[in-house]
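Numbering-wise, the sequence shown is residues 392 to 563 according to the working numbering. Built from N, CA and C at the ideal position, the CB exists for glycine as well. First the structure, in the form of structure tokens, and then the observations on it.
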Amino acid sequence: MVQDELKNKVALITGANKGLGLEMSRQLGQHGLTILLAARSLDAAKTAASNLGNEGVVAYPVGLDVTDSNQIQSVVQHISDSFGKLDILINNAGVFLDSDWTISNASSISIDIIRQTFNTNFFALVELTQALLPLILNSSSGRIVNLSSIEGSLTLHADPNSLIYDSKPFAY
Numbered sequence: 392m393v394q395d396e397l398k399n400k401v402a403l404i405t406g407a408n409k410g411l412g413l414e415m416s417r418q419l420g421q422h423g424l425t426i427l428l429a430a431r432s433l434d435a436a437k438t439a440a441s442n443l444g445n446e447g448v449v450a451y452p453v454g455l456d457v458t459d460s461n462q463i464q465s466v467v468q469h470i471s472d473s474f475g476k477l478d479i480l481i482n483n484a485g486v487f488l489d490s491d492w493t494i495s496n497a498s499s500i501s502i503d504i505i506r507q508t509f510n511t512n513f514f515a516l517v518e519l520t521q522a523l524l525p526l527i528l529n530s531s532s533g534r535i536v537n538l539s540s541i542e543g544s545l546t547l548h549a550d551p552n553s554l555i556y557d558s559k560p561f562a563y
């Protein structure tokens with residue numbers, strides 16, 4: 392019964408070629424959703440979609456650098472033309488660029504690293520969500536899911552008993 396209800400649902404998952412994004416694609420696809428598997432590299436998206444296809448999941452590869460406004464508009468147009476709606480947007484793409492975060496502090500970390508991190512982890516998420524919102528509103532049950540790693544938890548960074556209390560990731 393639930394599988395039938397999900398059969399005509401479409402989900403776009405960013406950062407879906409590996410890790411949590413790939414597993415969410417697999418799990419939702421196994422429940423009958425059509426998966427738009429987005430990755431910065433179209434080749435990586437094709438490989439992941441093909442592998443899921445071998446498991447019986449309907450997954451279409453989407454090349455999407457979430458920081459590229461032109462690519463965002465192309466994806467919106469493609470979804471609009473192909474499906475007319477988007478039932479689920481999962482914002483999973485993200486970066487952690489500063490390899491020296493353990494020794495960096497607010498006065499020494501590169502502004503470029505902060506800018507790139509904010510651009511990918513925050514501004515791109517907002518831009519993509521705003522661009523797709525009309526298609527999500529076309530769905531009778533539209534959903535937006537935003538993911539972050541533990542590094543994004545302000546609570547854990549402020550807790551002296553937390554394992555990540557001493558870490559200093561910026562723009563996360």
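Start-to-end residues for the alpha helix (DSSP H) that takes in residue i
i    : result
I502 : 502 to 509
R417 : 410 to 421
V517 : 515 to 528
N442 : 433 to 445
N461 : 460 to 473
Residue i - partner residues in DSSP beta bridges
i    : result
A402 : I426, I479
A450 : I426
Exposure label - residue i; buried when at least 16 CB within 10 Å
i    : result
G406 : buried
T508 : buried
R602 : This structure gives no information on residue 602, because the portion of the chain shown stretches from 392 to 563.
T511 : buried
V517 : exposed
V536 : exposed
G410 : exposed
I502 : exposed
G447 : exposed
M392 : Per-residue confidence for M392 stands at a pLDDT of 46, beneath the threshold of 50, marking its modelled position as unreliable; no derived number is given.
Cβ separation of residue i and residue j, assumed to be a contact under 8 Å, to the nearest whole Å
i    : j    : result
R417 : L433 : Going by Cβ atoms, the distance from R417 to L433 rounds to 19 Å, so no, they are not a contact pair.
L480 : T425 : Actually they are not in contact, since the Cβ atoms of L480 and T425 sit about 13 Å apart, beyond 8 Å.
N483 : L538 : 5 Å
I470 : L413 : In fact, because the Cβ distance is near 20 Å, the residues do not count as touching under 8 Å.
A450 : A440 : 4 Å
7 Å Cβ cutoff met for residue i and residue j
i    : j    : result
T458 : A515 : yes
S532 : K476 : no
K400 : D472 : no
V453 : V466 : yes
N461 : A436 : no
L403 : H422 : no
L528 : I504 : no
Continuous beta strand (DSSP E) stretch holding residue i: start and end
i    : result
V536 : 534 to 537
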